[in-house]
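Numbered according to the numbering used here, the sequence shown terminates at residue 482, and the numbering increases by one at each position without gaps. Cβ atoms here follow ideal geometry from the backbone N, Cα and C, with glycine treated the same way. Take a look at the structure below.
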Amino acid sequence: MKYILNLVALLVGGLVYGQIEKPNIIFIFSDDQSFETIGANGQTIVETPNLDKLTKSGTTFTHAYNQGAWSGAVCMASRSMMISGAALWQAKNAVTKVNNKAQQSWPELMSEAGYTTYISGKWHVPIPVDSVFDVTKNIRKGMPKTTKTAYNRPIKDENPETAWHPWDTEHGGYWEGGKHWSEVLANDGIAYIEKAKNEDSPFFMYLAFNAPHDPRQAPKEYVENYTLDRIKLPENYLDLYPDMGGKAVPKIRDERLAPFPRTPYAIKVHRQEYYASITYMDAQIGRILEALEKSGKADNTYIIFTSDHGLAVGHHGLVGKQNMYEHSMRAPFIITGPSIKADKKIETPIYIQDAMATSLDLAAIKKPDYVAFKSVLPLLKNNSKKNYETIFGAYMGTQRMLIKDQWKLIVYPKIKKKKLFNLLDDQLEMHDLANHPDYSDKLIEMTNLLEIEMDKNKDPMTSLEATDYMVSKKKKH
């Protein structure tokens, strides 16, 4: 019966999109890549000619958010949500249920609908990858081992003979056998496309780069392309982040990559290596796209490109992603393929995890009730003005976020601090309005909305010590 229902859905979907043949779907997933690092978005000097082509040929969602994390490994939570379809606080348990077959994961749903599912690259989800994908190749862990010299650097005028260099293959990291993991992933993707071009069944490819996650490594010519005199510090650069709860140096590994206090030189070098890693990854994506074109499958293939979250790399005195600011919560989100409008930008906020529901929609697969996220196709077809009334974010027990329209609230319950930003007037979040008397009503309104969203998402914080601070007018529990 389930097969018949899927077949009916496929026929209906085929009529809507003008095709009966199931489309192929390629999901390309980068790691730690902020929205500002797509050249076509015009915010930085980063060069991404192939992602620019995707941008021009498809539709970009300019405000795609990760929902947060339950640990310092933000990417693991993000990827668990992506694979399971569950919202943040449910995803940790949901991936276990996926493994126990109580519910089906994204690739399993695709496989049941007749797709051959393939993965290469970063996994970092706490279930065996071969239990949910048909074909696996070169599965990578969260991050590789690297040397201590990759941390608390760089220091100006350090000895070049002992300094850490991103092109030095002796340090290991993403260099393995003289090849970079990004190159290996592209090789894998190309080989599978070559094989799939002779097969009748549609394919779902999950290609997950580790780049540009640290250690941000790339060939020397890519690094030297970004001379330091070309690199600008973020406008909201700070030597030290002001809200560390009295700690001189945070324990979070990401933040220990650069020296304390931050220096303009160190941040410029980190951004140099960040850009180089992205440009090198972009070159590998170009190879994959070229192989797709040559295969004859491109006209019936949708591509979704996004990242698991963004990254600070100098914004607000931060380096990592364990924060609720736009640079770390927002990631690129591009979709291209048959019927997708070219060179279009949509500012309506979505979650990056909407990629799963979108692919199910494209494949005419009925979305299970346990999938919390939504397809972006109604937004693409102008059948809906928004997917979500608010965007919710959380990080462990220390930070909460809510966005509604142009307003953004960030709450730090442990240090009893709130920040309020008008994202329309203050995109870089430099002017906190929380203590401004003209916005006291807005602060209360946003706090109440955040509490509602926390309850809706079964947030554990609603029953912890922060509750008394969070509730603005009355205690709910």
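Item checked: Host beta strand (DSSP E) of Ala213 (start-end) -> 208-213
Item checked: Per-residue burial, Leu429 [other beta carbons within 10 Å of its own, 16 or more giving buried] -> exposed
Margin query: Whole angstroms are fine: how far does the CA of Thr121 sit from the CA of Gly322?
Written below: 45 Å
Next item on the list: Taking only the alpha-carbon atoms, compute the straight-line gap between Lys371 and Leu365 and give it to the nearest angstrom.
Entry: 7 Å
Checklist line | Ile449 classed as buried or exposed, judged by whether at least 16 other C-beta atoms fall within 10 angstroms | finding: exposed
Checklist line | Inter-residue spacing [alpha-carbon to alpha-carbon] between His91 and Ser85 | finding: Here the sequence assigns Ala to residue 91, which means His is not the residue at that position. Answer to the nearest angstrom: the Cα atoms are 8 Å apart.
Checklist line | Those residues which DSSP pairs with Ile340 across a bridge | finding: Thr64, Ile309
Next item on the list: Report the option in Lys102, Met115, Ala191, Phe34 whose CA atom is closest to the CA atom of Ser206.
Entry: Met115
Margin query: One question on the structure: do Leu433 and Trp412 come within less than 9 Å of each other, judged by their Cβ atoms?
Written below: no
Item checked: Validate contact between the region 52-61 and the region 98-110 using beta carbons, cut 8 Å, 3 pairs -> no
Next item on the list: Would you mind sorting Asn388 into buried or exposed? The rule is 16 or more other CB atoms within 10 Å of its CB.
Entry: exposed
Notebook entry, point to check: Do Phe214 and Trp186 have their CB atoms nearer than 9 Å?
Noted result: yes
Check: Around the C-beta of His129, are 16 or more other C-beta atoms found within 10 angstroms, so that it is buried, or is it exposed?
Finding: buried
Next item on the list: Compute the Euclidean distance between the alpha carbons of Phe397 and Met466, then round it to the nearest angstrom.
Entry: 14 Å
Check: Between Lys481 and Glu456, what straight-line distance do the alpha-carbon atoms span, to the nearest angstrom?
Finding: Bear in mind that a pLDDT of 40 at Lys481, under 50, signals an unreliable position, so the model cannot answer this.
Notebook entry, point to check: Apart from the five residues just before and just after Lys256, which ones in its own chain have a Cβ nearer than 6 Å to its Cβ?
Noted result: none
Item checked: Classification of Asn462 by the beta-carbon crowding that lies within 10 angstroms, buried from 16 upward -> buried
Check: Going by the CB atoms, is the gap between Gln358 and Ser83 shorter than 9 Å?
Finding: yes
Next item on the list: Can you grab the Cα-Cα spacing for the pair Phe32 / Pro442, in whole Å?
Entry: 46 Å
Note to self: In this structure, how does DSSP classify Trp94 when only helix, strand and coil are distinguished?
What the structure shows: helix
Checklist line | Distance between Glu352 and Met3 (C-alpha atoms, nearest Å) | finding: Here the chain has residues from 6 to 482 only, and residue 3 is not among them.
Item checked: Closest by C-alpha distance to Asn241, when choosing among His436, Ile30, Asp374 -> His436
Checklist line | Residues bridged to Phe397 (per DSSP) | finding: Leu407
Notebook entry, point to check: Ordered along the chain, which non-local residues of its own chain (more than five positions away) have a Cβ less than 6 Å from that of Asp37?
Noted result: Pro217, His218, Leu316
Note to self: For Leu385, tell me which candidate among Tyr231, Asn440, Ile340, Asn328 has the shortest Cα-Cα distance.
What the structure shows: Ile340
Next item on the list: Verify whether the separation of the beta carbon atoms of Ile345 and Thr53 is less than 9 Å.
Entry: no
Checklist line | Cβ pair count under 8 Å reaching 3, the region 295-308 against the region 224-238 | finding: no
Next item on the list: Give me whichever residues DSSP pairs with Gly44 in a beta bridge.
Entry: Partner(s): none; Gly44 has no beta bridge.
Next item on the list: Select from Val134, Pro269, Asn328, Thr306 the residue whose C-alpha is nearest the C-alpha of Ile198.
Entry: Thr306
Check: Is it right to say Pro239 is buried, meaning 16 or more other beta carbons lie within 10 angstroms of its own, or is it exposed?
Finding: buried
Margin query: Quick check: the Cα distance between Thr42 and Ala336, rounded to an integer number of angstroms?
Written below: 9 Å
Check: If you follow the beta strand (DSSP E) that Tyr123 is part of, which residue opens it and which one closes it?
Finding: 121-127
Notebook entry, point to check: Can you give the Cα-Cα distance for Tyr417 and Arg261, rounded to whole angstroms?
Noted result: 21 Å
Next item on the list: Can you tell me the Cβ-Cβ gap for Gln222 and Tyr179, rounded? I've got them flagged as a contact below 8 Å.
Entry: 5 Å
Next item on the list: Can you give me the Cβ contacts of Asn440 inside the same chain, cut-off strictly under 8 Å, excluding the 5 residues immediately before and after it?
Entry: none
Next item on the list: Over the uninterrupted alpha helix (DSSP H) stretch that includes Ile293, give me the two end residues.
Entry: 269-300
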